[in-house]
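Chains as they are written, first to last, in the numbering used here: chain L, 1 to 301; chain X, 1 to 301.
We put the CB at the ideal spot given by N, CA and C, even for glycine.
There are 2 protein chains.
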Amino acid sequence: MEFTILGTGSATLQLTRFPSAFVLSVDNECILIDCGEGTQHQILKYKIKHTRIRTILISHLHGDHYFGLIGLISSWSLNKRTEPLTLIGPPGLLEIISIQLKYSGTILSFKVDFIETKSTVSEVVYENDLFSVTTIPLIHRVPCNGYLVTRKGSERKIIKERIPEDFPLPYFKKLKDGEDIFDELSGKTYKNSELTTEGDPEVKVAYCSDTAYFEEIIPIIEGADLLYHEATFTHELIERAKSTFHSTAGEAAQIAKKAQVKQLVIGHYSSRYKELDGHLSEAKGIFEATLLAEEGLTVKV
Amino acid sequence: MEFTILGTGSATLQLTRFPSAFVLSVDNECILIDCGEGTQHQILKYKIKHTRIRTILISHLHGDHYFGLIGLISSWSLNKRTEPLTLIGPPGLLEIISIQLKYSGTILSFKVDFIETKSTVSEVVYENDLFSVTTIPLIHRVPCNGYLVTRKGSERKIIKERIPEDFPLPYFKKLKDGEDIFDELSGKTYKNSELTTEGDPEVKVAYCSDTAYFEEIIPIIEGADLLYHEATFTHELIERAKSTFHSTAGEAAQIAKKAQVKQLVIGHYSSRYKELDGHLSEAKGIFEATLLAEEGLTVKV
Chain L
1 MEFTILGTGS ATLQLTRFPS AFVLSVDNEC ILIDCGEGTQ HQILKYKIKH
51 TRIRTILISH LHGDHYFGLI GLISSWSLNK RTEPLTLIGP PGLLEIISIQ
101 LKYSGTILSF KVDFIETKST VSEVVYENDL FSVTTIPLIH RVPCNGYLVT
151 RKGSERKIIK ERIPEDFPLP YFKKLKDGED IFDELSGKTY KNSELTTEGD
201 PEVKVAYCSD TAYFEEIIPI IEGADLLYHE ATFTHELIER AKSTFHSTAG
251 EAAQIAKKAQ VKQLVIGHYS SRYKELDGHL SEAKGIFEAT LLAEEGLTVK
301 V
Chain X
1 MEFTILGTGS ATLQLTRFPS AFVLSVDNEC ILIDCGEGTQ HQILKYKIKH
51 TRIRTILISH LHGDHYFGLI GLISSWSLNK RTEPLTLIGP PGLLEIISIQ
101 LKYSGTILSF KVDFIETKST VSEVVYENDL FSVTTIPLIH RVPCNGYLVT
151 RKGSERKIIK ERIPEDFPLP YFKKLKDGED IFDELSGKTY KNSELTTEGD
201 PEVKVAYCSD TAYFEEIIPI IEGADLLYHE ATFTHELIER AKSTFHSTAG
251 EAAQIAKKAQ VKQLVIGHYS SRYKELDGHL SEAKGIFEAT LLAEEGLTVK
301 V
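Here it is as structure tokens:
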């Protein structure tokens, strides 16, 4: 998977930072996570193929996480997109989008499946052949979910050159499932370990924005290959973080450490921070494998 | 007045053009006209003082004319703005804004007076000491109004150094109204023309976007000091202009010529035009005093 950052800002407008938006690519599909104002501009700038985006996850209904969605959807319809879209987000989102489409006289050129999230319980809200999406209930001022995207592991991979020419077709499925095979007709035994290699492992990316420090998410994100966690403030503003239901860089790192994730990316920076060295050193002091989010950065997972 | 262009694009997203948004400053006040996605970014970039914007005019509910409004209003509230706002726009606008404020749990820090426009009849929808706003019903795919902003003319200006020391206070008002004065007590006559000069004239700025070629607007905008008229296409796409209820540069110029305005600004360019020489020469061929809209350009009126 690849995790591309389109916006690192928070609620207050900043000329140098866009609000939250991220693209997670899973093989040929893209998942857009949050969609602040200007996201369609960022998608164009960073040359992300619109038609590959089949799923959009919206965490909550604060503007810096979704005000760009109606513009993106409208543009897709103007461009006569036909690929269906799965839109996952909190109650109210569909109503907000629908009312704007109604007044602009727009009938979308593509199908939208809306999946409404609950913010009280973690659950698998979507699944396809490639990946599943699990909600991560967060603590914020309005109902808010993070998302865990799990790319499914693949079956064992067959080493073609080791397969005999007369190998019966039905045995391929058994090999992929990891079984040894005894062929009654020929009396031969085929050892799975000689004909296959391990499949791709399951890969997990967790997205947590916006939230106060909240240890209840740890069992859900445990061992994730990548965790994006908001870090609006640094430690000297921990009281402000608490009162606004946001996190500090140190708190994001604590979560990463306790959940034993492999990589942490922090972002959602308050506009008061022009330099981010403080964020980075604060987080790295607790969890070394920390990266600062920056617009246009792609992290391979 | 000063007319500042924040966006010259049309419905299709363009990396090099922002969607429609304009700031008309009238003395110390600013009027924001339309508010496409990213307008708050443009306001910040061009250093327009937010608190001076007391009036917002929205022409219609196509996204490239209003998707930036909820972000702007939300940001103002985050910044604890207290200056009241008069919001003028079509039916549906207040509903769209209100529902988004509701779901984000926002109670605005400032008062909003909403004035709903009709799109069938031209009327004065707002007036204060400085200016009045008249709607200009246009022809588009959804209800749509242009706006005529009329800065009021001032009273005659008194030439202070010519006023005698014992000049009675009540006479000032009469002088400003243009009257000659006969002072019964002293038997003196004061000639208005000797003690005053002309006041500032009325100034008119007309904004017409989006619309098909529509001559019925001419009586409303006649003699305007500045006309902004959309010119989405050039003449070779006149059939497309007709079918989408937009105008060509030549049609915008025809309107300017027939309405005998003093200056025409054209904009709302289709994304297919990278160069705008065609727009300019087509319009100038019909109406010489034509300017191309460009982001950040301020036209003094």
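Burial state of N145 of chain X (16 or more Cβ within 10 Å): Translated into positions along the second sequence, residue 145 of chain X becomes position 145. The residue in question, N145 of chain X, is buried, as its Cβ has 16 or more Cβ neighbours within 10 Å.
Positions along the segment 88-102 of chain X whose CB lies within less than 9 Å of some CB in chain L: The residues in question are P90, P91, G92, L93, E95, I96, I99, Q100 and K102.
Within chain L, partners of F67 of chain X - CB distance below 9 Å: The sequence position of residue 67 of chain X within the second sequence is 67, counting from 1. Chain L residues near F67 of chain X: E37, F67, G68, I70, G71, S74 and Q100.
Of the residues L:S75, L:A212 and L:T196, the one placed nearest K242 of chain L, counting alpha carbons only: Along the first sequence, read from residue 1 onward, the residue named residue 242 of chain L stands at position 242. Closest in alpha carbon position to K242 of chain L, among L:S75, L:A212 and L:T196, is L:A212.
Supposed contact pair G68 of chain L and G92 of chain L - C-beta distance, whole angstroms, cut 8 Å: As a working note, residue 92 of chain L is residue 92 in the first sequence. As a working note, residue 68 of chain L is residue 68 in the first sequence. Actually they are not in contact, since the Cβ atoms of G92 of chain L and G68 of chain L sit about 16 Å apart, beyond 8 Å.
contact_flag[the segment 278-294 of chain L, the segment 15-22 of chain X] where n(CB pairs < 8 Å) is 3 or more: Between the segment 278-294 of chain L and the segment 15-22 of chain X there are fewer than three inter-stretch CB-CB distances shorter than 8 Å, so the stretches are not counted as touching.
Cβ contact (3+ pairs, closer than 8 Å) linking the segment 77-94 of chain X and the segment 39-58 of chain X: Contact between the segment 77-94 of chain X and the segment 39-58 of chain X is present, with at least three C-beta pairs closer than 8 Å.
Short-range partners of chain A found in the segment 102-117 of chain X, where Cβ spacing is below 9 Å: In the structure shown, chain A cannot be found, because the protein chains are L and X.
Meets three-Cβ-pair contact criterion under 8 Å: the segment 109-118 of chain X and the segment 157-165 of chain X: Judged by Cβ distances under 8 Å, the segment 109-118 of chain X makes no contact with the segment 157-165 of chain X, as fewer than three pairs qualify.
Beta strand (DSSP E) runs contained entirely in the segment 38-87 of chain L, provided each spans 3 or more residues: Here the runs fully enclosed are 53-57.
Contact with chain L by K80 of chain X, beta-carbon distance below 8 Å: Within the second sequence, numbered from 1, the residue matching residue 80 of chain X stands at position 80. No - not a single Cβ of chain L is within 8 Å of the one on K80 of chain X.
Counted within 10 angstroms of its Cβ, other Cβ atoms place K204 of chain L as buried (16 or more) or exposed: Along the first sequence, one-based indexing puts residue 204 of chain L at 204. That one is buried.
Pair within 8 Å by beta-carbon distance, I99 of chain X and I220 of chain X: Residue numbering aside, residue 99 of chain X sits at position 99 when the second sequence is read from its first letter. Residue numbering aside, residue 220 of chain X sits at position 220 when the second sequence is read from its first letter. Result no, Cβ atoms of I99 of chain X and I220 of chain X do not sit closer than 8 Å.
Other residues of its chain near I181 of chain L: CB distance less than 8 Å, five sequence neighbours each side excluded: Position 181 of the first sequence, counting from 1, holds the residue named residue 181 of chain L. Hits under 8 Å: Y171, K174, L175, T189, Y190 and N192.
Proximity of G250 of chain X and H268 of chain X at Cβ, strictly below 8 Å: Taking the first residue of the second sequence as position 1, residue 250 of chain X is located at position 250. Taking the first residue of the second sequence as position 1, residue 268 of chain X is located at position 268. Taking 8 Å as the Cβ cut-off, G250 of chain X and H268 of chain X do not qualify as a contacting pair.
Cutoff 7 Å; reference L61 of chain X; Cβ partners in own chain excluding five residues on either side: Within the second sequence, numbered from 1, the residue matching residue 61 of chain X stands at position 61. Once the five neighbours on either side are set aside, the close Cβ partners of L61 of chain X are P90, G92, L93 and V142.
Best match in L:D225, L:E29 and L:R240 for proximity to R272 of chain L [C-alpha to C-alpha]: On the first sequence, residue 272 of chain L is found 272 positions in, with the first residue counted as 1. The candidate whose alpha carbon is nearest that of R272 of chain L is L:R240.
Sequence-distant residues of the same chain with beta carbon closer than 7 Å to E194 of chain X, five excluded per side: Within the second sequence, numbered from 1, the residue matching residue 194 of chain X stands at position 194. Closer than 7 Å at Cβ, skipping near neighbours: R162.
Every unbroken alpha helix (DSSP H) within the segment 160-233 of chain L, with a cutoff of 4 residues, ordered by chain: As far as the segment 160-233 of chain L is concerned, its whole alpha helix (DSSP H) runs of at least 4 residues are 171-176, 192-195 and 218-221.
Alpha-carbon spacing of E83 of chain X relative to S122 of chain X, whole angstroms: Taking the second sequence and counting its residues from 1, the one referred to as residue 83 of chain X is at position 83. Taking the second sequence and counting its residues from 1, the one referred to as residue 122 of chain X is at position 122. In this model, E83 of chain X and S122 of chain X are separated by some 28 Å (Cα to Cα).
S132 of chain L in three-state terms, based on DSSP: The residue you call residue 132 of chain L lines up with position 132 of the first sequence. Of the three classes helix, strand and coil, the one that applies to S132 of chain L here is strand, per DSSP.
Proximity below 8 Å, CB of E222 of chain X to CB of S209 of chain X: Stepping through the second sequence from its first residue, residue 222 of chain X is reached at position 222. Stepping through the second sequence from its first residue, residue 209 of chain X is reached at position 209. With contacts defined as CB atoms closer than 8 Å, E222 of chain X and S209 of chain X fail to qualify as a contacting pair.
Assigned secondary structure, E123 of chain L (DSSP; H/G/I helix, E/B strand, else coil): The sequence position of residue 123 of chain L within the first sequence is 123, counting from 1. Look at E123 of chain L here: in three-state DSSP terms it is coil, with no helix or strand label.
Proximity of F214 of chain X and I139 of chain X at Cβ, strictly below 8 Å: Counted from its first residue, the second sequence places residue 214 of chain X at position 214. Counted from its first residue, the second sequence places residue 139 of chain X at position 139. Yes, the Cβ-Cβ distance between F214 of chain X and I139 of chain X is below 8 Å.
Inside the segment 230-280 of chain X only - alpha helix (DSSP H) runs reaching at least 4 residues: Secondary structure remark: continuous alpha helix (DSSP H) runs of at least 4 residues inside the segment 230-280 of chain X, in chain order: 238-244 and 249-258.
K102 of chain X, enclosing alpha helix (DSSP H) - first and last residue: Counted from its first residue, the second sequence places residue 102 of chain X at position 102. L93 to Y103 is the extent of the alpha helix (DSSP H) around K102 of chain X.
Beta-carbon gap between G199 of chain X and K262 of chain X smaller than 8 Å: Numbered from 1 along the second sequence, position 199 holds the residue referred to as residue 199 of chain X. Numbered from 1 along the second sequence, position 262 holds the residue referred to as residue 262 of chain X. Not a contact, by the Cβ cut-off of 8 Å.
Inter-residue CB distance, L305 of chain L and M1 of chain L (contact presumed, cutoff 8 Å): The displayed coordinates of chain L run from 1 to 301. Any statement about residue 305 of chain L would go beyond what the structure contains.
Exposed unless 16 or more other CB atoms sit within 10 angstroms - verdict on F6 of chain L: Stepping through the first sequence from its first residue, residue 6 of chain L is reached at position 6. The amino acid at residue 6 of chain L is misidentified as Phe; the sequence shows Leu. Residue environment: L6 of chain L is assigned as buried (16 or more neighbouring CB atoms within 10 Å of its CB, all protein chains considered).
Interface flag, L162 of chain L vs chain X, CB-CB below 8 Å: Here residue 162 of chain L refers to the residue found at position 162 when the first sequence is read from its first residue. Leu is not the amino acid found at residue 162 of chain L; the sequence shown has Arg there. Interface flag for R162 of chain L against chain X is unset, since no Cβ pair is found closer than 8 Å.
Selection from X:L291, X:I48, X:N79 and X:H246 that minimises the alpha carbon distance to S10 of chain X: Position 10 of the second sequence, counted from the first residue, corresponds to residue 10 of chain X. Ranking X:L291, X:I48, X:N79 and X:H246 by Cα distance to S10 of chain X puts X:H246 first.
Cutoff 7 Å; reference E294 of chain L; Cβ partners in own chain excluding five residues on either side: What you label residue 294 of chain L is simply residue 294 of the first sequence in a count that begins at 1. The residues I5 and T8, in chain order, have a CB closer than 7 Å to that of E294 of chain L in the same chain once the five nearest residues on each side in sequence are set aside.
6 Å CB neighbourhood of I238 of chain L in its chain, flanking five on each side removed: If you number the first sequence from 1, residue 238 of chain L lands on position 238. Result list for I238 of chain L: T248, in chain order.
Distance CB(S75 of chain L)-CB(L13 of chain X) smaller than 8 Å: One-based indexing of the first sequence puts residue 75 of chain L at position 75. One-based indexing of the second sequence puts residue 13 of chain X at position 13. Yes. Within cutoff.
Residue interval of the beta strand (DSSP E) (run including K118 of chain X): On the second sequence, residue 118 of chain X is found 118 positions in, with the first residue counted as 1. Counting along the chain, no beta strand (DSSP E) covers K118 of chain X, and no H or E run does either.
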